[in-house]
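In the UniProt record's numbering, the protein residues as written are 1 to 124.
In this text, a Cβ means the ideal position worked out from N, Cα and C, and glycines have one as well.
Keep in mind it's a predicted model, so treat the numbers as computed, not measured.
What follows is a short report on a single structure.
Right under this line is the structure:
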């Protein structure tokens, strides 16, 4: 089955606690893909940018959804997590503030990843 999948899955989360179901879907899809052996890049934009900070994912609660902190841990373990440069700056989040393994990068890097050979981009 994995032979038919894109080699890289780029997931952009645009929602946080403001739209919890959409947020949880992005993290769930990214973590499921990581668990299936897919190369995953999760982008935190808009309100989801807050989850780049230590302890923030633990505060997220959505009934009947896997804990966001556990999903984020899975993604950080075998995938990549990036916080949007402008989104982070608007929230006064800098490179020294984010969880280990989270990078801050801009739109040019997102476009490069999304348009790479074999990549599939999803936006939630």
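Next item on the list: Output the distance between the C-alpha atoms of residue 123 and residue 54, rounded to the nearest integer angstrom.
Entry: Against the chain shown, residue 123 aligns to sequence position 123. Against the chain shown, residue 54 aligns to sequence position 54. Roughly 24 Å separates the two Cα atoms.
Next item on the list: Give the straight-line distance between the Cα atoms of residue 28 and residue 83, rounded to the nearest whole angstrom.
Entry: Taking the chain shown and counting its residues from 1, one reaches residue 28 at position 28. Taking the chain shown and counting its residues from 1, one reaches residue 83 at position 83. When rounded, the distance between both Cα atoms is 17 Å.
Notebook entry, point to check: Along the chain, where does the alpha helix (DSSP H) that runs through residue 22 open and close?
Noted result: Here residue 22 is taken as the residue at index 22 of the chain shown, counted from 1. Secondary structure note for residue 22: its alpha helix (DSSP H) is the uninterrupted segment 20-35.
Note to self: The beta strand (DSSP E) that contains residue 83, what's its start and end?
What the structure shows: As a position in the chain shown, residue 83 is number 83, starting the count at 1. Where residue 83 is concerned, the enclosing beta strand (DSSP E) stretches over 80-84.
Checklist line | Element boundaries [alpha helix (DSSP H), containing residue 109] | finding: What you label residue 109 is simply residue 109 of the chain shown in a count that begins at 1. Start and end: 107-114.
Notebook entry, point to check: Leaving out the 5 sequence neighbours to the left and right, which residues in its chain are closer than 6 Å to residue 30 when beta-carbon positions are compared?
Noted result: Translated into positions along the chain shown, residue 30 becomes position 30. For residue 30, where only same-chain residues beyond five positions count, the Cβ hits under 6 Å are 11, 40, 42 and 75.
Notebook entry, point to check: In chain order, what residues of the same chain lie with their CB nearer than 6 Å to the CB of residue 72, ignoring the 5 residues before and after it?
Noted result: Your numbering for residue 72 matches position 72 in the chain shown. Result list for residue 72: 57, in chain order.
Item checked: Inter-residue spacing [alpha-carbon to alpha-carbon] between residue 1 and residue 119 -> Looking up residue 1 in the chain shown gives position 1. Looking up residue 119 in the chain shown gives position 119. With a pLDDT of 47 at residue 1, under the threshold of 50, the modelled position of that residue is not reliable, and the figure given next carries that caveat. C-alpha of residue 1 to C-alpha of residue 119: approximately 16 Å in a straight line.
Check: What does a CB cutoff of less than 7 Å around residue 105 pick up in its chain, not counting 5 residues either side in sequence?
Finding: In the chain shown, counting from the first residue as 1, residue 105 sits at position 105. Result list for residue 105: 82 and 85, in chain order.
Notebook entry, point to check: Taking all protein chains shown into account, do 16 or more other C-beta atoms lie within 10 angstroms of the C-beta of residue 117, making it buried, or fewer, making it exposed?
Noted result: For the purposes of this step, residue 117 is identified with residue 117 of the chain shown, where counting begins at 1. Its Cβ having fewer than 16 others within 10 Å, residue 117 is exposed.
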